[in-house]
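Chains as they are written, first to last, in my numbering: chain F, 1 to 397; chain L, 398 to 650; chain D, 651 to 1034.
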C-alpha cells in the first residue's frame, strides 16, 4: 500500500510539472500572437490579415465550446449560431447606444420607431452588456437544453431540434425590423467607445488583445473541464448515459451544463467577432455557419482542445484564401472537406498525428514499434517462466 | 433479520396492451441472495426495470427500505442504494477500469462535486482494492474498450460494488462466459452476498445451483412459486412451464 | 368568414401535403437506418431541376401537355440513382455513426448546391474524366493482393494526377469550343417551370378557389403514400425493409441482405424526394437554395411523427403544415378578433417566418409530454 501511494504522489508531481510546461507554452504563444504576429503581418504588407486573424481567433473560442459539447460529450449541436449571434447582438446593441442622450440609433427612424424598445434599455450599461454577452446565451442554452435533454431526446434528434431552434431565432431576428433592424443587422464599426470609433486601429488592437486573452482563458477552462473527474463524466455521457443513470448520476444536468458553457463561449466569440468585423446580422444564424463550426473542430481533431483552435484557423484561412481566388471552388472544397474529415480522417489532423502519423512515419523509415501485447500476459509469471525456460529449448526429438 | 429490504405489491405493467407483469407480489429480506428464474418472456428483465425506475408500473408499488420508489427516476433510485448490472456489460468504453470504478465509487454525484471535487485517498484505496477483487490490476489503465467480454462483466460487477448499494440487481451475469469464468463470478457473488442483498436473474441452471439459496420462478408476469432449489425443481408447475418435461411427468399426464 | 376558413384549411392541407411528400422519403430512411440525410433538400432541388429540363426538352412537342408525368418519372429515376450512389459511396461507410452521417451529407448538400450553380459541359467533362481515370485505375490496382498496403500511396499519386489531368482536359475543351462549352446550364439564378395548361387556374368552391396545381400535389401525395404503404406491406422487399427497421441484427441472421435493403430504401427515399421536387417546382421558381427551405420543416415532421410509423409522419406533416398556414396567414387573427389580446398575439406571429417561431414552440411543448413523437415505440427494446 505504501508504495502505491508514493508512486501516485510522484505521478501527481509529474502532472504538476507538465501543467507548468503547458502553461508556459500557451503563454508564449499568446505573447507571440499579441506582440509579434501583428508586427510581422503589417511588415509583410498584409495588415488586413491581422484583423482576419483576430476574427478567426474569436471563432476559435466558439470552436472550443463545440469541442466540449461535441468532441468530448458527443452531443452534436447545429444551433451554436444562436449563441454566437446573441453575444454579438448584445455587444452591438451596447455600441449602438453610445449616443448623446435622448437620441435613437439611426436605423430606427425609417421604421417610424420613436421610442427605444424596452429590451434595449439595459444595454446602456457596460456591466450589464458584459454580463449579457456571456449569460444570455448560457441561459437560453440551459433552457433549451433542459427541455430537450429532460425527455431523453438525444443524438440526431437533438441535432435537428437545435437546427430548428436556429431557424426560429433567425426568423425572429430577420423579421423584426422595428425591434432589431431585421435583415440589415447592427453596424458597430462607426460607433464610438471611450471617445474612439470602434474601427480605429487603437480600439481594434484592444479587441485583438482581448480576443487572444479570452482565447487563452477559454483554453484553460476547457482544459480544466476535460481533465479530472468532470472530464471523465463528459466521456461517460458520450459512452453510456444509461449506465451513468444507474450509477446514480443525472446525465441531464451534466449535458445541460456542458451545453450552457459551450453556449457562453460562443457568446463571447460572437461579441469579439462582431467588434472586429464591424457588423452583426441574422446571417450569423444561417444553417451553414453553425455546421461549419463543427467542421473546424473535426478538421483539427475532436476531443483535442488544441485541435479546435488549430482547425478553426486552418479552415478559415483556407477559406479566405480560396474564396478570394476561386469563389466557386470554395463550396466544392468545403463539401469535400466535410466528406473527407468524416470518412477518412475521423480523428482530424491532431488525431491522425497522434494515432497513425507516428506509426506511418516510422513505417516509412522501416522502424516498426514493437507490438504490444496484453499486460497481463507480460506480467504473468507462467508466461515469464515459459518464455525463459521453454522458448529456446530444442525439441526433444 | 426478517427486515424486508424490498417489497413489491400487486405490480402490473402494460406495454401497448401486452401485460408484461401481472399482479406480481414479491419481497426480499435484508441480506438475502435470491435467484429469479423463468422462461423467456416471463418478465424478468421488466421486473428489474420497474425496481430501478426505468419502467413505470401501470399499477402497484415498489417499496425499498421502507420508502416507496414511486415517481422517482433511475438516478434517484440508484442513489437510494439500488445497483444494477445489465445483461450485456455496460461500462464506459473510453475510460480505463480504474476511472470506471472511480466514477461509481464517488459518493457525491452532483454537478458541483464533479467540477470541483477530486477523488479522495479513501476512494483511491477502495478502487485499488476492487481492482484486485475483480482481478483487473494489470489492465487498470487500459481503455475498457480493450477488455474481453468476461473482463467487462467483472468490471461492471466491480462498478456495482463500488457504488456500495444495499441491493444489487444482477441480470444474467454469466451469459457468454466460460465455465471457469462462470465459477469465478459465482464465487464473487457469494462473497458479495455476505454484506449485500442481491437479486440474480439467471438461465444457467448449473450456475443457479452453485449460488442459490432461495429461488423465485416467474411465469407470465407473476410469481409461480418460491422456495429452495430442490423444492422448486420438484414443483410440478415449474416442471411443466420451465423445465418442459411434461411428457414423462406423471402429474401432468 | 366561411370562405376564409375553407381556404385556410385547403391551403394548410396543401402545404402539409408538400411537406409530407418531402418528408416521406426522409422518414423511411430515418426509420430504417437512424440516419438523417441533410442532402435530402438538395435531392428535392435535383428533382425540381429535372422537371425543368424535361419541360424544356418537351417544349413545342405534342407531349408538352403531359410533360409533368414524364418529369415525375424522370425525377424519380434521377434522384433515386443519385441516392443510390450516395448510399454506396458515403453513407454505407458511416453506418452506426448517425452524427457523422449528418455532417457528411451536409457536405454532399453543399457540393450539390454549388454543382447546379456552376454545372456546364466543361464541369461535366472534368468530372467524367476524373471518374474514368481515378476509378479505372482503382479497379485495376484493386486486383493486386497487396492493395491494402499500397492504398495510401495509390491515393496520394492517383488523386492529384487524375484531378490535374481532368482539369487540363476540361480547360483544353473549354478553349476549343468556347462559350457553348463553358456556359453554365442554370447559373445561380432561379429558373421557372411553367405548369401545363390544365394545371393552371383553379376550381371555384364556396367563394374561393382551389388551385389545380395544389389539388394535383395533394393527389400526388396521396398516391405516393398509398404506393409506399402498398410497397412496404405487400411486397417481399417491403417486408424485408420492415424487418430490418425492427431488428437489424436478427434480420441479418435470417439471411436478409441488409446492405441491399439499405441501398434500396435509400434509393426509394431519394426517389420520393425527386417526386417532391417535381411538385415543388409547380409552386414557384426553383433555385439552388430551394432545398434549404424544406429541410428543417421536414426534419420536424420526422421528430413529431416518431420513428418507423407512416401514420405518424402523415399526421405530423398535416398538423405542421396546417398550423404553419393558419398562424402565418391572417386566418387566426380574424377568427379570434373578438378576443383582442389573443388576436394581438396571433397578429404578431402572422407572417410565414414568424409562424415558424410559434410552431417550433408548440413542437417543443408537444415533446414535453410525448418525447417519442405521435406514435412512439413501446416496450423494453426502447432505449435498451
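Backbone N, C-alpha and C fix where the C-beta goes; we use that ideal spot for every residue, glycine too.
Every value quoted in this text rests on a predicted model; they were computed, and no experiment measured them.
Query: Going straight from the alpha carbon of residue 428 (chain L) to that of residue 597 (chain L), what length do you get?; Result: 13 Å
Query: Whose CA, out of F:44, F:229, F:303, lies closest to the CA of residue 508 (chain L)?; Result: F:229
Query: Restricting to Cα atoms, I'd like to know which of L:541, L:560, L:547, L:524 is closest to residue 506 (chain L).; Result: L:560
Query: Which class does residue 1 (chain F) belong to by DSSP, given the choice of helix, strand or coil?; Result: Annotation note: pLDDT 36 at residue 1 (chain F) (below 50); position unreliable, coordinate value reported separately. Coil, per DSSP.
Query: Just to confirm, is the Cβ distance from residue 235 (chain F) to residue 497 (chain L) under 8 Å?; Result: no
Query: Distance check for residue 608 (chain L) and residue 430 (chain L), CA to CA, integer angstroms please.; Result: 8 Å
Query: Give the interface partners of residue 343 (chain F) over in chain D, defined as CB-CB distance under 9 Å, in chain order.; Result: 740, 743, 744, 750, 754
Query: Checking 8 Å against the spacing of the C-beta atoms, do residue 283 (chain F) and residue 58 (chain F) come in under that value?; Result: no
Query: Who are the Cβ neighbours of residue 660 (chain D) in its own chain at under 7 Å, not counting the five residues just before and after it?; Result: 860
Query: Given residue 567 (chain L), which residues of its chain have a CB within under 6 Å of its CB, disregarding the five upstream and five downstream residues?; Result: 482, 597
Query: Just the C-alpha distance for residue 528 (chain L) and residue 555 (chain L), rounded to the nearest angstrom, thanks.; Result: 8 Å
Query: Give me the residue from L:580, L:487, L:466 with the minimum Cα distance to residue 478 (chain L).; Result: L:466
Query: Would you mind sorting residue 953 (chain D) into buried or exposed? The rule is 16 or more other CB atoms within 10 Å of its CB.; Result: buried
Query: By the 7 Å beta-carbon criterion, what residues does the segment 167-178 of chain F contribute toward chain D?; Result: 167, 168, 171, 172, 174, 175
Query: By DSSP, does residue 617 (chain L) sit in helix, in strand, or in coil?; Result: coil
Query: Are the beta-carbon atoms belonging to residue 691 (chain D) and residue 768 (chain D) less than 8 Å from one another?; Result: no
Query: Which parts of the segment 514-591 of chain L are runs of the alpha helix (DSSP H), unbroken and 4 residues or longer, counting only runs that do not cross its ends?; Result: 518-530, 546-559, 576-590
Query: Within 10 Å of its beta-carbon, does residue 795 (chain D) have 16 or more other beta-carbons around it, so buried, or fewer, so exposed?; Result: exposed
Query: Distance, Cα to Cα, residue 667 (chain D) vs residue 1025 (chain D)?; Result: 19 Å
Query: Is the beta carbon of residue 78 (chain F) sitting closer than 8 Å to the one on residue 166 (chain F)?; Result: yes
Query: Please report the Cβ distance between residue 931 (chain D) and residue 701 (chain D), rounded to the nearest whole angstrom; I am assuming they are in contact, meaning their Cβ atoms lie under 8 Å.; Result: 5 Å
Query: What does DSSP give as the partner residue(s) for residue 193 (chain F) in the beta ladder?; Result: F:196
Query: What residues are listed by DSSP as bridge partners for residue 411 (chain L)?; Result: L:416
Query: Classify residue 233 (chain F) as buried or exposed, calling it buried when 16 or more other Cβ atoms lie within 10 Å of its own Cβ.; Result: buried
Query: Quick check on residue 10 (chain F) - is its C-beta less than 8 Å from some C-beta in chain D?; Result: Bear in mind that a pLDDT of 45 at residue 10 (chain F), under 50, signals an unreliable position, so the model cannot answer this.
Query: Checking contacts by CB at 8 Å: is residue 431 (chain L) closer than that to chain F?; Result: no
Query: Per DSSP, what kind of secondary structure is residue 22 (chain F) in: helix, strand or coil?; Result: helix
Query: Helix, strand or coil for residue 404 (chain L), going by three-state DSSP, please let me know.; Result: strand
Query: Any chance the segment 261-271 of chain F sits against the segment 63-70 of chain F, with 3 or more Cβ pairs inside 8 Å?; Result: yes
Query: Name the residue from D:736, D:777, D:746, D:737 whose alpha carbon lies nearest to the alpha carbon of residue 155 (chain F).; Result: D:746
Query: With a threshold of 16 other CB atoms inside 10 Å of the CB of residue 889 (chain D), please say whether the residue is buried or exposed.; Result: exposed
Query: Against chain L, with Cβ distances strictly below 8 Å, would residue 253 (chain F) count as a contact?; Result: yes
Query: Kindly indicate which three-state DSSP category residue 912 (chain D) falls into: helix, strand or coil?; Result: helix
Query: Have a look at F:362, F:242, F:345, F:312 and flag the residue whose alpha-carbon is nearest the alpha-carbon of residue 484 (chain L).; Result: F:242
Query: Return the chain-ordered ranges of every alpha helix (DSSP H) run that is complete within the segment 686-755 of chain D and spans a minimum of 4 residues.; Result: 690-708, 717-739
Query: Starting from residue 595 (chain L), follow its DSSP beta bridges and name the residues at the other end.; Result: L:430, L:565
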